[in-house]
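Notes for the one structure printed next.
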Amino acid sequence: MYRRFYRGRFLGADFRKRTIQLSRRSRTLRSVLGDLILGNQSYLTLKKDLVFSIPSIGIDLITGRI
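See below:
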């Protein structure tokens with residue numbers, strides 16, 4: 001069942017690889033992931049914070065704001 005629902009892919013690449021690539025190009029995503037690593041970001045609110053950050057991450061990617 002695990003293999004049926006989880007293929008480990010995100011935007012056509014390995015999830016970890018794609019996350020690192022996106023975080024290199026978005027200071028917003030880097031900030032959220034940094035808070036997660038430092039323990040300042042709760043796992044309970046991580047999904048909500050990422051969803052609300054999508055517009056800002058998109059702007060970062062489009063404008064090249066690093």
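Under this note's numbering, the first residue of the sequence shown is numbered 1, with each subsequent residue one higher. Where is the CB? At the ideal position from N, CA and C, for every residue including glycine.
- The distance from the Cβ of residue 27 to that of residue 54 is about 14 Å, inconsistent with a contact at the 8 Å cut-off.
- Judged by their CB atoms, residue 46 and residue 22 are not nearer to each other than the 9 Å cut-off.
- Within the model, the alpha-carbon separation for residue 36 versus residue 42 is close to 7 Å.
- A straight-line Cα-Cα distance of about 30 Å links residue 44 and residue 63.
- Burial state of residue 57 is buried, judged by a 10 Å Cβ sphere holding 16 or more other Cβ atoms.
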